[in-house]
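One rule links them: number in the numbering used here = place in the sequence shown (from 1) + 83. Beta carbons are placed, not taken as given, at the ideal position from N, Cα and C, and that holds for glycine. Only one structure is covered here, and it is reproduced in the block below.
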Amino acid sequence: MDRRDFLRTTAALASVSVAGSAVTAYAQSAVNKDSDAFWKTIIDQYKVTDEFINLNAGHWGIMSEPVRKAFNEHTAFINAYSSHYVGHGRSANPSARNYNVERMEIIDMLAAKLGVQSDELVFTRGATESMQLLISGYNKINPGDTVLYADAAYYSMAAEMRHLEVYRGANVVQLTMPDPVDFQGSIDLFEQGIKDNPGTKLILLTHMANRTGVIIPVKEITAMARSYGADVIVDMAHSWGQLDYDFVDQGVDFVGFNLHKWIGAPLGTGLMYIKKSRMLDIDTKSSKGAPGNDDINNRTQTGTMNLAAVMAVRDALNFVDAIGIKHIDNRFRALRHEWTNEFIDDDRVDILSPEDERMHCGLTSFRINAHDDARALGRTLLNDYAINTAAIPEYNGIRVAPGLYSSKEDMRALAAAIKDIANKLG
Ligand SMILES: Cc1ncc(COP(=O)(O)O)c(C=O)c1O
84 MDRRDFLRTT AALASVSVAG SAVTAYAQSA VNKDSDAFWK TIIDQYKVTD EFINLNAGHW
144 GIMSEPVRKA FNEHTAFINA YSSHYVGHGR SANPSARNYN VERMEIIDML AAKLGVQSDE
204 LVFTRGATES MQLLISGYNK INPGDTVLYA DAAYYSMAAE MRHLEVYRGA NVVQLTMPDP
264 VDFQGSIDLF EQGIKDNPGT KLILLTHMAN RTGVIIPVKE ITAMARSYGA DVIVDMAHSW
324 GQLDYDFVDQ GVDFVGFNLH KWIGAPLGTG LMYIKKSRML DIDTKSSKGA PGNDDINNRT
384 QTGTMNLAAV MAVRDALNFV DAIGIKHIDN RFRALRHEWT NEFIDDDRVD ILSPEDERMH
444 CGLTSFRINA HDDARALGRT LLNDYAINTA AIPEYNGIRV APGLYSSKED MRALAAAIKD
504 IANKLG
């Protein structure tokens, strides 16, 4: 690429950040960011299909247009510059753009957002990878030690916990999350698990359960576990970016996130957090680095990542930060209540996350008691009502996960569809 092309690329990048500034302008004005008028301006920045209403943002998020355009530009840039951008260019010219410099700038942004140190974070390709590295890398388990998880855990994390029996000789115990569950009940579940298994070493917590949307009190459970000498690894795949909470206040040491669900970054972006003082408790990946090193980068081995996707994390953070997590959290609750309120006094329909506001946000599931086939119900919602959701057969339920692009009309359409189906069942 010659210099003129480079300037064209840079100009294109500049135009992308201008596109993103629509939301920034709002951020700086006195507009009510919890109003439907404000949210209409956000919805307008998403391009979603009109073939159906997409209420499955829990699988992965949709990028806003400013983020998608930035991602395309980053892809074009990397395609043009290739390995020049990962260091070859910089060795010849110190002012050349460099991936590792820009990656660390984005890590700094993420660290500031979480309130942690930059050397406690590393990019991965998703929450699964982060969590697998943490669970399999946790090296304080001796043969016979107990490790606990609840059946609300995401299936691949549960599998990784079960694998500790093979890999570390652990006694693996699965607990059953009560349904419905309340705040204290979720703490008691894990405390009883520890009491039943004295000397429990490790507990897996899922901050927001993917099947029901139930939020458990990570801070309280972590403090309780610590008082018994047990460590906690936390899956925050659904909470960060959806729910307004203080990460540092949770007091957690090992956490897996993704950035492609609720932060709205491109697919294939995740993050792993290890508290610096606990770094040695997670193995390096094979023998990366000198023995005993505490570099978090040596605890992953992703190979070549989608660099453009990582670069677009900056754009995604700018987009959601301009709205503010408080308002995103408020919005998700408003979208939830728009449909769940219709069923508070309707015995035919169960809402699967508690009304206790500490235990839910936007993602919430339901079941129609007279319907016994969740997959068929999901198909009916899609085929007859053009609403895309996720079937949750384990709870005979349907998961409803709106995104920032969802409107209250979408949620009312869902409520009407559920009522219609329940009426037909009699
Ligand atoms: C609770 C939970 N953890 C982890 C994951 C996996 O996330 P990723 O796609 O980033 O690997 C999911 C995906 O749905 C999830 O629901």
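Based on Cα-Cα distance, which residue from Q275, S269, S489 lies nearest to A292?
-> Sorting Q275, S269, S489 by C-alpha distance to the C-alpha of A292 places S269 at the top.
Got a sec? Which residues, its chain only, sit under 6 Å from D378 by beta carbon, not counting five neighbours each side?
-> The beta carbon of D378 sits closer than 6 Å to the beta carbons of G372 from its chain, once the five residues preceding and following it are set aside; these are given in chain order.
Coarse secondary structure for I504, derived from DSSP in three states = Of the three classes helix, strand and coil, the one that applies to I504 here is helix, per DSSP.
Closer than 7 Å: M240 CB and nearest ligand 1 heavy atom = Yes, Cβ of M240 sits closer than 7 Å to a heavy atom of ligand 1.
Alpha carbon to alpha carbon, how far is E505 from P485?
-> With the sequence shown as reference, residue 505 is identified as Ala, and Glu is not the correct amino acid for it. A505 and P485 have their C-alpha atoms spaced approximately 22 Å apart.
Is it buried or exposed for G480, if we count other Cβ within 10 angstroms and need 16 for buried?
-> Counting C-beta atoms within 10 angstroms of its own C-beta, G480 has 16 or more neighbours from the protein chains shown and is therefore classed as buried.
Can D234 be considered in contact with ligand 1, in the sense that its beta carbon sits closer than 7 Å to one or more heavy atoms?
-> Not under cutoff, so the answer is no.
From what residue to what residue does the alpha helix (DSSP H) around Q275 run?
-> Taken as a continuous stretch (DSSP letters only), the alpha helix (DSSP H) holding Q275 covers 266-279.
May I have the straight-line CA-CA distance separating D85 from N155, to the nearest angstrom?
-> Here the model assigns D85 a pLDDT of 41, short of 50, so the residue's position is not dependable and the matter cannot be decided.
Identify, in the order they occur along the chain, each residue of the same chain with its Cβ nearer than 6 Å to the Cβ of L400, setting aside the five sequence neighbours on each side.
-> Only M192 meet the Cβ criterion.
Where the beta strand (DSSP E) containing V335 begins and where it ends | It is not in any beta strand (DSSP E) - V335 carries neither H nor E in the DSSP assignment.
To the nearest angstrom, how far is it from the Cα of I475 to the Cα of N341?
-> Their Cα atoms are separated by approximately 21 Å.
Note down, one range per segment and in chain order, each alpha helix (DSSP H) of at least 4 residues found wholly within the stretch 150-213.
-> Runs of the alpha helix (DSSP H) inside the stretch 150-213: 171-175, 182-197.
Could you tell me the distance, in whole angstroms, from the CA atom of L217 to the CA atom of A120?
-> Going from the Cα of L217 to the Cα of A120 covers about 42 Å.
Applying the criterion that 16 or more other CB atoms from any shown protein chain within 10 Å of the CB defines a buried residue, is N181 buried or exposed?
-> N181 sits buried, since 16 or more C-beta atoms from the chains shown fall within 10 Å of its C-beta.
Give the DSSP bridge partners of Y232, in chain order.
-> Y232 is bridged by DSSP to Q257, L287.
Indicate whether Y356 and V184 have their beta-carbon atoms separated by less than 8 Å.
-> When the beta-carbon positions are compared, Y356 and V184 stay at least 8 Å from each other.
Would you call V249 buried or exposed, if buried means 16 or more other Cβ atoms sit within 10 Å of its Cβ?
-> Counting Cβ neighbours within 10 Å, V249 comes out exposed, since fewer than 16 surround it.
Any heavy atom of ligand 1 closer than 7 Å to the Cβ of N341?
-> The answer is yes for N341.
Given 8 Å, three or more beta-carbon pairs between the stretch 145-155 and the stretch 384-402 | Yes: at least three Cβ pairs fall under 8 Å.
Are P349 and A405 touching if we call contact CB-CB under 8 Å?
-> The answer is no: Cβ separation not under 8 Å.
Have a look at Y221 and T289 and give me their C-alpha separation to the nearest angstrom.
-> Straight-line spacing of the CA atoms in Y221 and T289 works out to 17 Å.
Compare the beta carbon distance of T423 and I411 with 8 Å and say whether it is the shorter of the two.
-> No, the Cβ-Cβ distance between T423 and I411 is not below 8 Å.
Proximal residues to F266 (C-beta, below 7 Å), its chain only, five neighbours per side dropped | Correct list, in chain order: P300, D439, R441, M442.
Starting from V483, follow its DSSP beta bridges and name the residues at the other end.
-> In the DSSP output, where bridge partners are listed per residue, V483 has T447.
What number of angstroms, rounded off, separates the C-alpha of S489 from the C-alpha of N254?
-> For S489 and N254, the distance between alpha carbons rounds to 44 Å.
For M494, which three-state DSSP category applies?
-> Three-state result, M494: helix.
With 16 other Cβ atoms within 10 Å as the buried cut-off, status of S165 | Burial check for S165: the Cβ neighbour count within 10 Å stays below 16, so the residue is exposed.
What is the DSSP secondary structure of Y328, reduced to helix, strand or coil?
-> Note: Y328 maps to coil in three-state DSSP.
Tell whether a beta-carbon distance below 8 Å holds between G339 and M214.
-> Taking the C-beta atoms as reference points, M214 is found nearer than 8 Å to G339.
So what does DSSP say about V114, is it helix, strand or coil?
-> Three-state DSSP puts V114 in coil, outside helix and strand.
Mind checking who D314 pairs with in its DSSP beta bridge?
-> DSSP, once it has assigned bridges, lists L285 as partnering D314.
Alpha carbon to alpha carbon, how far is N466 from Q325? Give it in angstroms, no decimals.
-> Rounded to whole angstroms, Q325 to N466 spans 28 Å at the Cα level.
Beta carbon of H321, beta carbon of L446: below 8 Å?
-> Contact: yes.
Pull up the distance between the alpha-carbon of E477 and that of L487, whole angstroms please.
-> Roughly 27 Å between the two C-alpha positions.
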